[in-house]
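In UniProt numbering, the protein residues as written are 1 to 1243.
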Amino acid sequence: MDANCEHAVESGDATDPHALYELGRRAREEGRDDEAVALFTRSLALNPEFSRVWHGLGLIARERGARTEALAHFREAFAREPENVWIGHDYGHELREAGQLEEAEAVYRGLVDKMPDFARWRQALGQILRQRGARAEALDLFRAAWSLDAENIWIGHDFGHELREAGRIEQAEAVYREVIAKQPDFSRGWQALGQMAAARGAHEEALGHFRRALACEPGNVWIANALGQALREAGRLDDAEKAFRDIVASAPDFARAWQALGQIASQRGAWDEALAHARAAAAQEPDNIWIGQDLGRALRENGRLDEAESVFRGLVAQKPDFSRGWQALGQIARQRGDWEAALAHLRQALACEPDNVWIANELGQSLRECGQLDDAEAIFRALIGQKPDFARAWQALGQIVRQRGEWEEALAHLRAARAGEPDNVWIGLDLAYALRETGRLDDAEEVFRTLIAHKPDLARAWQALGQIARQRRAPEPALDHFRAAHAAEPDNVWMAQDVAFTLRDLGRRDEAEDFARAFAEAHENLGLAWTVVADLSRGHASDEDIAALHRRAVQAEPDCVHARRALANHLASKGKLAAAAEQFDAILALDGAHVAALIGKGQIAARMGQGDLARDCFGRAAAAPGAPVQALVELARLDFEAGRLEESERRLRQAIARQPGSAYLHMRLGANARALGDFAAAEAAFAAAAEADPSVVQAATERAMCEFSRGDAASALERVRRAIADFPRHPAPLETMAFFAQVFDDFATAADLRLRALALDAGNPGSHIALAFCLVRLGRVADAEQALARGERNFGATPALAMSRADIARDRGEPTVALKILDAAQAHFPDEFEIASRRIGLLIALGRFVEAESELAARDSLNARERARLAGWRGLLALARWRPREARGCFDEALALDGGDAGLNEQAARAAMLLPDVALAQRHLRASAQRNVGHRLRNRGEGRATQTMTGQILDEFRLDCGLLEQIAAANIGPDAAQRLAVLARDNPDHTPTALLFVVALRRARRFAKPRFGAGAARGAIPANIAQFWDQSLPADVAVYCDSWRSLNPDCAYRLFSSIEAREFLRRHDMTRVLGAYDRAWEPAMKADLFRLAFLYACGGYWADADDRCVAPLSHLDSAPYDLILSQEDIGSIGNNFLAAAPRHPLIAAALAAATEAVENGDSDMVWLSTGPGLITRSAAFYFADDANALAKTLVLDGFELGHFDATRCVAAYKFSRKHWTRTTFGDVPRDLLASFSPQPDAD
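This is the structure in structure tokens:
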């Protein structure tokens, strides 16, 4: 053929376009491009549709760098032969290079469809999507490409890079290590490993990787630059400087190395050198704003303000929203005294970056310095609202009000600043000046100073002055006074302890420990000295180290009761109750009537469920001569928990008769009354406590809690506001107001209040836990974890902190993680009942019934409250096994022990409803509503059982008494399902019949058991996943939605907005459904309609946006089924997860019924009209009417669903009016919310 072609051309008879193409191709391969172009052109003249010729011209143009011409040729080739994958590849590649990403994506998607197993197409498509910002899909494509061609290191590089960008560092490292194992000299792999190591602070490891990368590719300046940066970050400035100098020696035009040399010089304060390097960098990359910023700063630090200004003006001209450039211009203007320009520039900087507290702080300082105090104050108050612990803002407020002569307010602000930055000497000076100017001297201080004037070495007087200063939050003067006390009595451990603890309170922990250790070593036989060292170690030393210090204290002075009690209390705080009891026994061996030891041992015995021993210890303590009333209080507590209420009150009143001025005793009496729901008696007791000692802030806050609990929120709020004003430095009123805010679902305000309380006193681990609780409900999970971490740093491991971590994991849809946390906590705190109780509940939630039953059997001999908890868990376990009669008995037992528990009454109502015993269910539900503070507030102080979901379902039972009698009779015996099927078929709109029928099917084991396993088969249900969110997706909900996409790469995923849902309905000609959708008044109702419409039209899987996918859907064998449902814990068929084949009859029926309900303006709650109630009715009729329905349907129980779907995870929107329950069951009345405006600290 070639010979014929050549002959044809040589003879001048070149009429065969194919021959010309072949000659042109050969010419191109031999490097004769001009000749090839001529031949291709002649071929096209004969056959303009010859795609290969266009392709050849494109290849030549690309090789010559004529990219626009190449793209045009490839487009012509692709238009004529779109099935040719190599032409498509070249065309797509050129489109990408030209920045035409959307067209390039379309081309490569076509290639992937044509050759799904060809890795390079997926890689190229992933690269395009990465450029377009679709990082999740890009990652999936790189993963798929890598699985197809794991030998291609460049695919591995793309995959590893994308994993790293997604924050999956461990997976990224694994991929890069696999790449390097295949090609050890792959420099990019070593470089990536170095970058990841550097990011996690493993500097030496990073350096090792960068050196390997550089050895593989010695001339790569970017790798050399990364090595230099790693050296700099490791603090090895000399080595880093040498590395960068080596780079500029070999590549003098490499700007980043010059920039780095300038930064090193600036770290050393060598600004002349920094300027020279910055100039060299800017000469190479004049448009790099970060190099420009370094240059401008070096000029400013060298006093060359005009040049610096010119540089920064160029930067903001280049990038008008460059906040650092505007800030620098403001700083230059301040240096010149040009306040008008400075303020203008700083305001512009803040407009570019509104959340930058340092820019805002600089603007406020400029306003203050130029005399605009009101504007400055507004800036700093806004800063504090944004960041309550921002010390510089508090300091500035103090300076502003001091300028106005408002000394009391200045002192308050400066104390807040001091709390934020206790080591800031300038803030300390401001505080000292303010204290001196206010002249806050009281009679006590005057007396103690008079005593010291007469006897300068009177240690107790100096100690008292120190205590007064510490009460005023003036730790520096306190330290001076305590040092004077210690100097007066250098061997007195109490004086030494005051010095050490004051140093610790100043944030000088190391100095405090050194001082305490030096004192202890100088007095090595003084046990309490080592106890002080142990106390100072809390929050950063391990439990074992702290316990060792306490033991050393005991060993140093075995007869020191204080040392043994401190060790016992430490062990008890860590849940090591048996070991704590041994220490109290040791004290009692020294003094069998030691009252404090008897009380301590009794408290331990009570926690361990040893009620008789506890009572004996408290009784012996109470009988001791001169015994403190604490023994009576402990006996009263035991009586109260055992239900001996009159005896408990008698003991407390006996104690009050002995100490009528004890506010604490009145408080205990009030706490008991409130626990019984006797709010009038409780308020009277708390009022008596306040009269006995007006300084006890808890008397006011507890009284407010009573008012709040009985539904008088307005009075409660006003009382707490007064307490905040009266006790500005006490955290209790803020904590109480925070609790009120939580009940109002105002978690933002609650979190702010708790932060303010922690700023006053961070010594309560419960405050950190409460803050974490609020932050999780604001969607700020990372901040919540940090709050708990701070608590753990301050207090070490505690049961409450561990349980809080478990709660967060559970609420976030990670119950197995929660269980691991509780397992570890139980191993660490084996005697802690609450951990064991939470763990039992979690085992039940996970469907691990046998383990839960075993744990319940192992727990007994506890107090009444704990026995009630265990009986409640047994009831919940019975309900989980669909045994409502057994559950009813367990709940009866629990409520006999603790009848006021709202949760137990709610569960008992559920059990009674499933019997069905409607009257009993209503009684329990009324009791629950009466004890539920949030419910009563939403109902103007009343407990309305009907204003709950269970109550509304119960109303459905009561609507038709005749039918209720029929279903109650049918619900008994082994053939209940058959009898209820008839009633369900005859009464398709009756929710109670449907509910009891599907429960009966579950109890009769008529539902198929699912099969789970990786790679399970799929059947008629398409691999589509759909979700819905009406507007912009909140970040916390987005995490859950992303789990469905990332864990199911084999499924097509779509998250519909309200607009997209409407378009879907319109496109599928669902006119009636669209009309109902538009008429639906709740987002949840719209979602209910749309999920049914989507499943009917397309089939697939539906998951609510607050569900977290925890395993791929492919692990569920769905092949035998065309419908997958899930059964909720009350027996209904849920709609948060649904799966169906297209046009399934149940889905069709449910959609028609939902549409009709909305069209008719159905006034039922959403759950009944379009939600699970509707699905339950539709399912019941389908199962009753179609003999084959059960064989084709998989109905998962909640525990089976949990294999891949963690349902109803916590999300911020659930605590707002966006959630349907707020409009259905009432929200906090608007007038209450309007009155809820907590005031800032007065101090």
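Even for Gly, the Cβ is constructed at its ideal location relative to N, Cα and C.
Which of helix, strand or coil DSSP assigns to residue i
i, result
"residue 206", "helix"
"residue 1126", "strand"
"residue 1088", "helix"
"residue 1", "Unreliable placement is indicated for residue 1, whose pLDDT of 42 sits below 50; no coordinate value is reported for it."
"residue 1193", "strand"
"residue 755", "helix"
"residue 384", "helix"
"residue 223", "helix"
"residue 599", "helix"
"residue 1059", "helix"
"residue 379", "helix"
"residue 972", "coil"
"residue 439", "Low per-residue confidence applies at residue 439: pLDDT is 48, beneath 50, and the placement is therefore not dependable, though the value from the model is reported in the following sentence. Three-state result, residue 439: coil."
"residue 608", "coil"
Sub-8 Å separation of residue i and residue j beta-carbons
i, j, result
"residue 844", "residue 880", "yes"
"residue 948", "residue 1072", "no"
"residue 1008", "residue 1194", "yes"
"residue 821", "residue 806", "yes"
"residue 274", "residue 282", "no"
"residue 359", "residue 327", "yes"
"residue 305", "residue 348", "no"
"residue 981", "residue 1184", "yes"
"residue 606", "residue 614", "yes"
"residue 228", "residue 243", "yes"
"residue 747", "residue 777", "yes"
"residue 916", "residue 967", "yes"
"residue 1010", "residue 1196", "yes"
"residue 1000", "residue 977", "yes"
"residue 1048", "residue 1142", "no"
"residue 690", "residue 700", "yes"
"residue 1198", "residue 1121", "no"
"residue 1103", "residue 1070", "no"
Residues that residue i bridges to, as DSSP identifies them
i, result
"residue 1102", "1026 and 1138"
"residue 1205", "1109"
"residue 1052", "1024"
"residue 1116", "1012"
"residue 1133", "1127"
Residue i: CB within 7 Å of a non-hydrogen atom of the ligand COA
i, result
"residue 620", "Looking for the ligand COA in the displayed structure turns up nothing, as the structure carries no ligands at all."
Proximity test, Cβ basis, 8 Å: residue i and chain D
i, result
"residue 1121", "Annotation note: the requested chain D is absent from the structure, which comprises a single protein chain."
Task: contact_flag[the region 166-181, the region 1067-1083] where n(CB pairs < 8 Å) is 3 or more - done: no
Task: Length-filtered (4 minimum) alpha helix (DSSP H) runs lying within the region 840-879 - done: 849-858
TODO: Pair every Cβ in the region 1134-1151 with every Cβ in the region 1034-1050, then say whether three or more of these pairs are closer than 8 Å.
DONE: The region 1134-1151 is not in contact with the region 1034-1050.
Open item on the list: Check whether the region 1165-1176 and the region 1204-1212 are in contact - that is, three or more C-beta pairs closer than 8 Å.
Closed with: No, the region 1165-1176 does not touch the region 1204-1212.
- [ ] Report yes or no: do three or more beta-carbon pairs, one from the region 984-991 and one from the region 895-912, lie closer than 8 Å?
- [x] no
Open item on the list: Across the region 728-735 and the region 751-764, are there enough close Cβ pairs to call them in contact, namely three or more that are closer than 8 Å?
Closed with: yes
Open item on the list: Going residue by residue through the region 799-836, where are the continuous alpha helix (DSSP H) segments of at least 4 residues, counting only ones entirely within it?
Closed with: 799-811 and 815-828
TODO: Count the C-beta pairs between the region 629-636 and the region 646-659 that are closer than 8 Å, then say yes if the count reaches three, no if not.
DONE: yes
Task: Segments of 4+ residues assigned as alpha helix (DSSP H) that fall wholly inside the region 257-325 - done: When DSSP assignments are scanned along the region 257-325, the uninterrupted stretches of alpha helix (DSSP H) that are 4 or more residues long and fall wholly within it turn out to be 271-284, 289-301 and 305-318.
Task: Segment contact flag, the region 92-105 with the region 118-132, C-beta cutoff 8 Å, min 3 pairs - done: Because the criterion of three Cβ pairs below 8 Å is met, the region 92-105 and the region 118-132 touch.
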